[in-house]
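Chemist:
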Amino acid sequence: MARGLTKSCSLCPCQNIHLVAKWLSSLEKKLEQHSEGSHQDFRVFISAEPAPSPDSHIIPQGILENSIKITNEAPTGMHANLHKALDNFNQDTLEMCTRENEFKSILFALCYFHAVVAERRKFGPQGWNRSYPFNTGDLTISVNVLYNYLEASSKVPYDDLRYLFGEIMYGGHITDDWDRRLCKTYLEEFIKPEMLEGELFLAPGFPLPGNMDYNGYHQYIDDALPPESPYLYGLHPNAEIGFLTQTSEKLFRIVLELQPWDTSVGEGGVVTREETVKALLEEMLEKLMDEFNIAELMAKVEERTPYVVVAFQECERMNTLTNEIKRSLKELDLGLKGELTMTSDMENLQNALFLDMVPESWIKKAYPSTASLGTWFADLLTRIKELEAWTGDFSLPSTVWLAGFFNPQSFLTAIMQSTARKNEWPLDKMTLQCDVMKKNREDFASPPREGAYVHGLFMEGARWDAQVSSPRLLCCKRSHGCYALIAWYFTLGNFSVQIGAHLK
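FYI, numbering that gives the first Met the number 0 numbers position 376 of the sequence shown as 375, with every residue one higher than the one before it.
And the structure:
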């Protein structure tokens with residue numbers, strides 16, 4: 000069919016070619032064959048989803064070089080998202096329901112709700128605990144459900160509509176209980192009887208519009224919607240600090256990657272990329288300690304308590320990470336000396352070191368972190384020192400750096416196991432509670448009789464007011480709250496046992 004189309008003024012669409020990776024080389028050859036002798040107005044339109052990362056890019060270079068590239072990016076900001084949500088409908092849609100006033104009001108509220116849930120993703124964990132694929136299909140189906148319910152009911156079934164939208168249409172994507180609660184809260188604020196009385200504000204300074212035509216709603220958005228801010232999403236103004244910081248870092252990273260690899264220093268002196276990387280890897284290899292001798296550590300332990308098991312697990316994971324770091328750095332060192340052939344993995348490692356990024360091969364074996372390489376490596380050395388101090392005699396530290404674990408949850412489980420064994424309590428009947436205390440890390444010289452003090456945690460999106468022992472809203476332009484000390488409790492039936500924990 001394509002061969003026949005090339006002889007005429009026709010269009011040949013090829014959609015979602017990212018789904019047929021093995022066929023793309025054949026497509027590239029066919030396009031080359033038909034590049035000559037085809038009708039001058041013959042065109043091939045190709046669509047594909049963007050690759051999630053440069054490493055997973057599968058579109059052949061020949062196709063990309065010979066194509067005119069067009070990208071369709073999702074709109075950013077409430078203004079663009081609200082217009083796009085409303086663009087899914089027209090004047091006929093607004094007039095199709097016999098209960099026009101109720102239908103229009105709820106439809107506009109749904110458009111605003113859709114824009115909010117879609118755009119909250121940019122705020123990271125403060126927006127949603129997980130990323131969800133909300134799409135225009137959720138909105139259009141919700142409007143169809145709205146139409147059917149209004150036509151079949153004498154009264155507006157607000158509870159039924161909120162349930163269908165929040166638990167099925169949009170809620171079908173949501174897997175986190177707190178996110179589901181947030182979605183439900185939005186719908187309770189946006190869809191309620193007050194919306195028909197002109198008393199509903201979708202955001203501060205943005206009331207729900209009255210009965211208008213299709214163009215009137217678009218004009219209302221342009222005229223009445225306040226400037227872009229976290230307030231439009233019901234968030235604290237500090238919520239955008241992380242988003243703006245991440246955007247700035249991404250921009251600077253791209254600019255850095257575009258810079259020439261060789262940088263002149265001083266008068267006439269030139270430091271090449273290889274020399275910079277070589278100096279860095281030598282410094283890192285020099286600072287890395289020897290791996291933990293697990294067999295030797297096990298030999299000096301008389302009883303493998305839950306805390307000791309956690310220490311062993313952390314040491315084993317640290318050995319895995321440091322061994323990978325040493326192996327890759329030594330391999331790259333040999334490659335730079337010419338003793339080994341440079342592979343793609345070595346080049347990726349070299350680029351990451353030069354750009355102050357944590358190499359991908361290290362990330363796979365490490366703990367979650369968003370720090371740059373310099374900060375990440377300093378943090379790694381601190382974690383190793385903490386483990387060395389703990390495994391010296393395996394006595395529990397006065398305060399444990401909970402954030403320094405590969406798996407912090409394992410330590411919390413160990414606290415529960417130790418308490419359960421000591422008091423002969425069933426582990427499955429115990430619950431964990433916490434209470435914030437007015438002490439600092441330095442105030443503790445020894446661990447508590449039961450449980451543990453932990454530090455290294457912080458609050459995001461709130462701050463702790465030590466005077467009243469309660470969380471408070473953040474001060475503007477401050478991304479993190481104050482550090483605090485936490486006491487943990489285990490409860491069993493009607494009994495409550497205090498387990499101290501330090502949050503700092």
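Cβ atoms here follow ideal geometry from the backbone N, Cα and C, with glycine treated the same way. For clarity, every value in this text was computed on a predicted model and none was experimentally measured.
Using the Cα positions of V399 and S445, report the straight-line distance between them to the nearest angstrom.
Modeler: Straight-line Cα distance between these residues: approximately 11 Å.
Chemist: Should the stretch 349-362 be regarded as contacting the stretch 319-328, the criterion being three or more beta carbon pairs within less than 8 Å?
Modeler: Counting Cβ pairs under 8 Å, three or more are found: they touch.
Chemist: Residue range of the beta strand (DSSP E) that C13 falls in?
Modeler: That run of the beta strand (DSSP E) goes 10-13.
Chemist: How big is the Cα-Cα spacing for Y111 and P49?
Modeler: The alpha-carbon atoms of Y111 and P49 are separated by roughly 27 Å.
Chemist: Just verifying my parser: in three-state terms, what is the DSSP assignment at C433?
Modeler: Three-state DSSP puts C433 in a strand.
Chemist: Can you have a look at D137 and say buried or exposed, based on whether 16 or more other CB atoms are within 10 angstroms of its CB?
Modeler: Buried, because 16 or more other Cβ atoms sit within 10 Å of the Cβ of D137.
Chemist: Whole-angstrom Cβ separation of E313 and L401, contact assumed at under 8 Å?
Modeler: Contact doesn't hold; Cβ gap of about 12 Å is too wide.
Chemist: To the nearest whole angstrom, what separates the beta carbons of A114 and L81, a pair I think is in contact under 8 Å?
Modeler: Indeed, because the Cβ distance is near 5 Å, the residues count as touching under 8 Å.
Chemist: Find out if the Cβ-Cβ distance for the pair L160, Y148 is shorter than 8 Å.
Modeler: In contact: L160 and Y148 (Cβ atoms closer than 8 Å).
Chemist: For F122, which of R440, A223, Q245 has the nearest alpha-carbon?
Modeler: Of the candidates R440, A223, Q245, the one whose C-alpha sits nearest the C-alpha of F122 is Q245.
Chemist: Nearest-angstrom Cα distance between Y157 and P192?
Modeler: Roughly 8 Å separates the two Cα atoms.
Chemist: Comparing alpha-carbon positions, which option in M317, F242, M345 lies nearest E330?
Modeler: The candidate whose alpha carbon is nearest that of E330 is M345.
Chemist: Between the C-alpha atoms of Y488 and D175, what's the straight-line distance to the nearest angstrom?
Modeler: With a pLDDT of 41 at Y488, under the threshold of 50, the modelled position of that residue is not reliable, and the figure given next carries that caveat. Rounded to whole angstroms, Y488 to D175 spans 25 Å at the Cα level.
Chemist: Alpha carbon to alpha carbon, what distance is there between S247 and N350?
Modeler: Going from the Cα of N350 to the Cα of S247 covers about 21 Å.
Chemist: Would you mind sorting R382 into buried or exposed? The rule is 16 or more other CB atoms within 10 Å of its CB.
Modeler: It is buried - the Cβ of R382 has at least 16 other Cβ atoms within 10 Å.
Chemist: Can you look up S469 in the DSSP assignment and give me helix, strand or coil?
Modeler: Correct three-state label for S469: strand.
Chemist: Are H217 and L85 touching if we call contact CB-CB under 8 Å?
Modeler: A contact, by the Cβ cut-off of 8 Å.
Chemist: Leaving out five residues before and five after A238 in sequence, what residues of the same chain have Cβ atoms less than 6 Å from its Cβ?
Modeler: Counting only Cβ-Cβ distances below 6 Å, and skipping sequence neighbours, we find F122, Q125, P229.
Chemist: Buried or exposed: S104, going by 16 or more other Cβ atoms within 10 Å of its Cβ?
Modeler: S104 comes out buried.
Chemist: Check whether the Cβ atoms of F189 and L181 sit closer than 8 Å, and answer yes or no.
Modeler: Contact: no.
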